[in-house]
Structure formats: structure tokens, C-alpha cells
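Numbering (the working numbering), first residue to last: 591 to 751.
Down below is the structure, laid out as C-alpha cells.
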Amino acid sequence: MATKDLSQYDINSVPSAKKMRFGVVVAEWNYEITSALTDGVLKTLKKHGATDNNISVKYVPGTFELPLGGQFFAELDNVDAVILLGCVIQGETRHFDYICEAVSQGTKDLNLKYNMPFIFGILTTNNKQQALDRAGGKHGNKGDEAAVTAIKMVKLKESFY
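Below is the structure:
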């Protein structure tokens, strides 16, 4: 669903989230960026009818811990979808590669294991400015995109019942 402006989408193509329940797991590392992503998620979910009572936000130390935080939601809470929010910025070592690979695989594994949407709302950028540009800056907010994706995926799953 990626676009040049992550916050632009056809509002009429997004179903109501009024009865949907969401878990949001936020990495504390790069908090300036992840808090902006969280703001985007919350704003967009509420714009489409989700209520405060149907949104639960939890924090983990870093992006690597996001899949486990998501698993806790799947096993210990009653949610329809989980949105994982993090930011990994390229550094001088291969740490970036290891974290991104682990979180990507972990998110995929959660989707398949729990048969529910786990949304990859994680920025993987070359520098901090690119992350800021995608967390409410000139390229919109990846949080908006993640929220829309969660709503659409919950609706898709419901369409099979």
C-alpha cells in the first residue's frame, strides 16, 4: 500500500472500525519517531470509528522486541489486529540488517501462527531525516498507512465468515 505520501488514501475505501479491537505495540527506541507513528495510528483508527476502549497501546524497549509484544496481544488480549511500530536507522554495522530481518520474519510468523493481522509499521531508513519524513513529515505518516492496513485486513478476515 506504500505511496509517495503515506497519509494519502481514498477515505471511502476504508471500512468502519467501530467494532474492531486493536493492539498497538510501540518501540521506545527512536521514540521521537515512534511516538509520531503512534499519533498517526491513533488518529486514523479513531477517524474510522475505533474508540479509545477498543485500542490498547503497549511499549517495548526496541524494534527487536515488537514481535514478542505482538504475540502477547494475540495470547493475552482480545484484539482483531496488532500494529507493530518501530524505527531502525542504518548505522555503520550490520546490526541494522539483523534487526530488520528478525522483525520482518517475526511479523510474518505471527500473521500465520495466529491467523490474524499483524501490521508491519516499521520504518527502515538510511538516516534519521528519512525517518522523520515518514513519521509525519514530507512523505506523510507510516502510522496512518499502518492503521488503514489493519482496518482493511480485519474487514477482509470478517468477509470469510
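Each residue gets a CB set at the ideal place from its N, CA and C atoms; glycine is no exception.
(message) Helix, strand or coil, according to DSSP, for Val-744 in the structure here?
(response) By 1-based counting over the sequence shown, the position of residue 744 is 154. Helix, per DSSP.
(message) Classify Lys-742: buried if its beta carbon has 16 or more other beta carbons within 10 angstroms, exposed otherwise.
(response) If you number the sequence shown from 1, residue 742 lands on position 152. Burial call: buried.
(message) Quick check on Asn-716: does DSSP put it in helix, strand or coil?
(response) The sequence position of residue 716 within the sequence shown is 126, counting from 1. Reduced to three states, the DSSP call for Asn-716 is coil.
(request) Starting from Lys-673, trace the beta strand (DSSP E) both ways and give me its first and last residue. (result) Counting from one through the sequence shown, the residue named residue 673 turns up at place 83. First, the residue type needs correcting, since residue 673 is Ile and not Lys in the sequence shown. In the DSSP assignment, Ile-673 falls within the unbroken beta strand (DSSP E) covering 671-679.
(message) Is it buried or exposed, Ala-736, if we count other Cβ atoms within 10 angstroms and call 16 or more buried?
(response) Position 146 of the sequence shown, counting from 1, holds the residue named residue 736. So Ala-736 ends up on the buried side.
(request) Please check the pair Pro-707 and Val-650, which I expect to be a contact at CB under 8 Å, by giving their CB distance rounded to whole angstroms. (result) As a position in the sequence shown, residue 707 is number 117, starting the count at 1. As a position in the sequence shown, residue 650 is number 60, starting the count at 1. So it is not a contact: roughly 19 Å between Cβ atoms.
(request) From the DSSP output, in three-state form, read off Phe-750 for me. (result) On the sequence shown, position 160 is the one that residue 750 refers to. Coil.
(request) Quick one: using the 10 Å Cβ neighbour count with 16 as the cut-off for buried, is Asn-705 buried or exposed? (result) Working through the sequence shown from its first residue, we reach residue 705 at position 115. The residue in question, Asn-705, is exposed, as its Cβ has fewer than 16 Cβ neighbours within 10 Å.
(request) Give the DSSP-derived three-state secondary structure of Asn-731 in the structure shown. (result) For the purposes of this step, residue 731 is identified with residue 141 of the sequence shown, where counting begins at 1. Correct three-state label for Asn-731: strand.
(message) If I follow the unbroken alpha helix (DSSP H) through Tyr-704, where does it start and stop?
(response) Translated into positions along the sequence shown, residue 704 becomes position 114. Segment 685-704, the alpha helix (DSSP H) holding Tyr-704.
(message) If you reduce the DSSP assignment to three classes, tell me which class Ser-606 lands in.
(response) In the sequence shown, counting from the first residue as 1, residue 606 sits at position 16. Here Ser-606 sits in coil by DSSP.
(request) Indicate whether Gly-730 and Leu-632 have their beta-carbon atoms separated by less than 8 Å. (result) Here residue 730 refers to the residue found at position 140 of the sequence shown. Here residue 632 refers to the residue found at position 42 of the sequence shown. No, these two residues do not count as a Cβ contact at 8 Å.
(request) Following the continuous alpha helix (DSSP H) through Tyr-621, name the residue where it begins and the one where it ends. (result) Taking the first residue of the sequence shown as position 1, residue 621 is located at position 31. Start and end: 621-637.
(message) My output table needs one value for Gly-652: the three-state DSSP class, helix, strand or coil.
(response) Residue 652 sits at position 62 when you count from the first residue of the sequence shown. Reduced to three states, the DSSP call for Gly-652 is coil.
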